[in-house]
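Scroll down for the structure; my scribbles are underneath it.
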Amino acid sequence: MRICFDLDGTLCTGNYDEAQPLPGIKELLIRLKDEGHVIIIHTARGMNTNRANIGKVTATLAKLTLEQLDKWEFVYDEVIFGKPAADLYVDDKAMNAALIYQVDDVLRSRNG
Numbered sequence: 001m002r003i004c005f006d007l008d009g010t011l012c013t014g015n016y017d018e019a020q021p022l023p024g025i026k027e028l029l030i031r032l033k034d035e036g037h038v039i040i041i042h043t044a045r046g047m048n049t050n051r052a053n054i055g056k057v058t059a060t061l062a063k064l065t066l067e068q069l070d071k072w073e074f075v076y077d078e079v080i081f082g083k084p085a086a087d088l089y090v091d092d093k094a095m096n097a098a099l100i101y102q103v104d105d106v107l108r109s110r111n112g
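Under this note's numbering, the sequence shown has 97 at position 97, and the numbering climbs by one with no breaks.
Next comes the structure, spelled out in structure tokens:
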């Protein structure tokens, strides 16, 4: 299964420069990867301040973001910059970030 995680507010907290991983996220990502899932991290970092210019976002925030993911020892298959900045996302496959520690239950319910 391909599982896409938002970065800020889901996998980590704080301002970009001071962001810290949420407790247990590293272990969760490792376990999901070990189970054969594809891990995608999708971020809207910098989309507002750079007016949705993905080139500028990548130039200003990609290095910091990738260094943080490495420092936190997060495993992943893809990092996608350019998630549209929005106040609310409506998605038929969404899971509320507050439930991230219950991802196993959600996976089981979707796989039957």
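A virtual CB, placed ideally from N, CA and C, is assigned to each residue, including glycine.
Within the same chain, show all residues whose beta-carbon is closer than 8 Å to that of residue 17, passing over the 5 residues directly before and after it, in chain order.
-> For the purposes of this step, residue 17 is identified with residue 17 of the sequence shown, where counting begins at 1. So the list reads 64, once near-sequence residues are dropped.
Counterpart residues of residue 81 in DSSP-defined beta bridges = Taking the sequence shown and counting its residues from 1, the one referred to as residue 81 is at position 81. In DSSP, residue 81 forms a bridge with 43.
Under the three-state DSSP convention, the category residue 51 falls into = Looking up residue 51 in the sequence shown gives position 51. Residue 51 falls in the coil class under three-state DSSP.
Span of the beta strand (DSSP E) holding residue 91?
-> Taking the sequence shown and counting its residues from 1, one reaches residue 91 at position 91. Looking at the DSSP string, residue 91 is not in any beta strand (DSSP E), and its letter there is neither H nor E.
Find out if the Cβ-Cβ distance for the pair residue 38, residue 77 is shorter than 9 Å.
-> For the purposes of this step, residue 38 is taken as residue 38 along the sequence shown, with counting starting at 1. For the purposes of this step, residue 77 is taken as residue 77 along the sequence shown, with counting starting at 1. Contact flag set, yes.
In chain order, what residues of the same chain lie with their CB nearer than 7 Å to the CB of residue 58, ignoring the 5 residues before and after it?
-> Residue mapping note: residue 58 aligns to position 58 of the sequence shown, counting from 1. Same-chain partners within the cutoff: 81.
If you draw a straight line from the C-alpha of residue 50 to the C-alpha of residue 61, how long is it?
-> Counted from its first residue, the sequence shown places residue 50 at position 50. Counted from its first residue, the sequence shown places residue 61 at position 61. The straight-line gap from Cα to Cα measures roughly 11 Å.
CB-CB length for residue 1 against residue 107, believed under 8 Å = Along the sequence shown, read from residue 1 onward, the residue named residue 1 stands at position 1. Along the sequence shown, read from residue 1 onward, the residue named residue 107 stands at position 107. Between residue 107 and residue 1 the Cβ distance is about 7 Å, and since that is below 8 Å, they are a contact.
Over what stretch of residues does the beta strand (DSSP E) that includes residue 6 continue unbroken?
-> Locating residue 6 in the sequence shown gives position 6, counting from the first residue. First-last of the beta strand (DSSP E) with residue 6: 2 to 6.
In chain order, what residues of the same chain have a beta carbon less than 6 Å from the beta carbon of residue 11, not counting five sequence neighbours either side?
-> The count along the sequence shown starts at 1 and reaches residue 11 at position 11. For residue 11, where only same-chain residues beyond five positions count, the Cβ hits under 6 Å are 5, 25.
Apply the 10 Å Cβ neighbour rule to residue 43 and answer buried if 16 or more other Cβ atoms are within range, or exposed otherwise.
-> In the sequence shown, residue 43 corresponds to position 43, counting from 1. Classification of residue 43: buried, given that the 10 Å Cβ count is 16 or more.
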